[in-house]
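>
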Amino acid sequence: MVDWEEEGVSTQEVLTKRMIDTVGLVILLAVVMAVLCFV
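Residue numbers (our numbering): 2 to 40.
Next comes the structure, spelled out in structure tokens:
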């Protein structure tokens with residue numbers, strides 16, 4: 002059971018990192034689009 006819990010935690014950490022990366026990409030795209038629109 003301990004192994005399963007550890008795997009769940011590690012999997013959640015990976016998903017969290019992916020979510021952060023995705024959010025960062027979305028923000029970068031939004032900034033680029035905003036700059037292009039204003040320019």
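Note that beta-carbon positions come from the ideal geometry of N, C-alpha and C, so glycine has one too.
Where Thr23 and Ala31 are concerned, what is the direct C-alpha to C-alpha distance, given to the nearest angstrom?
Straight-line Cα distance between these residues: approximately 12 Å.
> Pick helix, strand or coil for Val40, following the three-state DSSP scheme.
Three-state result, Val40: coil.
> Taking only the alpha-carbon atoms, compute the straight-line gap between Val36 and Thr17 and give it to the nearest angstrom.
Cα to Cα, Val36 sits roughly 29 Å from Thr17.
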